[in-house]
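The numbering of the sequence shown is this note's numbering, which starts it at 6 and goes up by one. Heads up, the beta-carbon is just placed ideally off N, CA and C, and yes, glycines get one too. Quantities reported herein were computed from a predicted structural model and do not represent experimental measurements. Okay, so here's the structure we're looking at.
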Amino acid sequence: MACPHVSAIVALLKSVHPDWSPAMIKSAIVSTASVTDRFGMPIQAEGPQRKPADPFDFGGGHIDPDLAVDPGLVYDIDPKEYIMFFNCTLGPKEACLEFEDNLYQLNLRSSAIPNLKDSNTVWRTVTNVGPEKATYQAKIEAPMGVRMSVEPSVISFKKGGSRSATFKVKFTAKQRVQGGYSFGSLTWFGNCAHSVRIPVAVRTVIQDFVADTA
């Protein structure tokens with residue numbers, strides 16, 4: 006039942022914002038979703054053993070159409086970036102070497118680091134679709150065993166100025182373990198009551214094993 010509900014919300018957003026790209030619409034839906042249920046409790050994963058759900062279970066969370074219509078910030082992507090990404094990930098590995106460091110740089114409304122050994126830095130760009138004059142403060146929920154920092158931690162938009170802002174997120178392994186994924190988030194809180202949240206998933210490794218990556 007998820008597909009028809011999401012399709013209807015996409016149609017709603019497109020009718021309100023006909024100039025938005027598919028990436029902007031998806032960003033608005035994901036970044037304004039809630040990670041709690043209608044009772045304010047953490048979402049539970051479905052299965053024989055009940056557990057608190059993580060981003061691999063719920064993605065961004067429960068969709069809120071009212072918030073998605075006015076997200077404040079969105080993560081947009083040029084289609085050419087998708088082409089480079091897919092050519093790199095699906096093509097011969099030799100052809101991917103020059104783009105290897107760019108695989109994490111696709112401007113997605115999430116961040117996943119599957120093989121964090123020491124540190125890794127990703128860049129993201131947000132586009133202001135809210136009031137022209139706005140300030141956003143970053144709030145970090147770092148995954149367990151990982152140090153996470155954002156620079157700059159405050160982004161501001163001025164009337165008549167640029168509608169885009171780029172920031173970097175650095176992930177540093179605090180524990181040298183061959184572990185599973187741990188989860189966190191990065192949320193931009195705006196002075197106009199906007200809250201723009203993206204999920205984060207990080208897996209720390211000491212070395213790559215076939216059994217871990219197969």
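Practice prompt. Would you kindly work out how many angstroms separate the C-alpha atoms of Arg129 and Ile88, rounded to a whole number?
Written response: Answer to the nearest angstrom: the Cα atoms are 18 Å apart.
Fill in: Short Cβ contact (8 Å threshold) for Met29 with Asp83
no
Item to complete: Taking only the alpha-carbon atoms, compute the straight-line gap between Ser36 and Glu146 and give it to the nearest angstrom.
Response: When rounded, the distance between both Cα atoms is 15 Å.
Worksheet item: Among Gly185, Tyr186, Ser200, which residue has its Cα nearest to the Cα of Thr192?
Response: Out of Gly185, Tyr186, Ser200, Ser200 has the C-alpha closest to the C-alpha of Thr192.
Worksheet item: Applying the criterion that 16 or more other CB atoms from any shown protein chain within 10 Å of the CB defines a buried residue, is Asp211 buried or exposed?
Response: Sequence check: residue 211 is Ile here, not Asp. Ile211 should be labelled exposed.
Practice prompt. Check the DSSP bridge columns for Thr126 and list the partner residues they point to.
Written response: As DSSP reads the structure, Thr126 sits in a beta bridge with Lys175.
Item to complete: Determine contact between the stretch 173-189 and the stretch 147-155, defined as no fewer than three beta-carbon pairs at a distance below 8 Å.
Response: yes
Fill in: Chain-order list of residues whose beta-carbon lies under 7 Å from that of Ala219 (same chain, five-residue window excluded)
Note on Ala219: pLDDT 44, under 50, position unreliable in the model; no value is reported.
Discussion item. The ligand SAM and Glu146: does the residue's C-beta get closer than 7 Å to at least one heavy atom of that ligand?
Written reply: This structure does not include the ligand SAM; it has no bound ligands of any sort.
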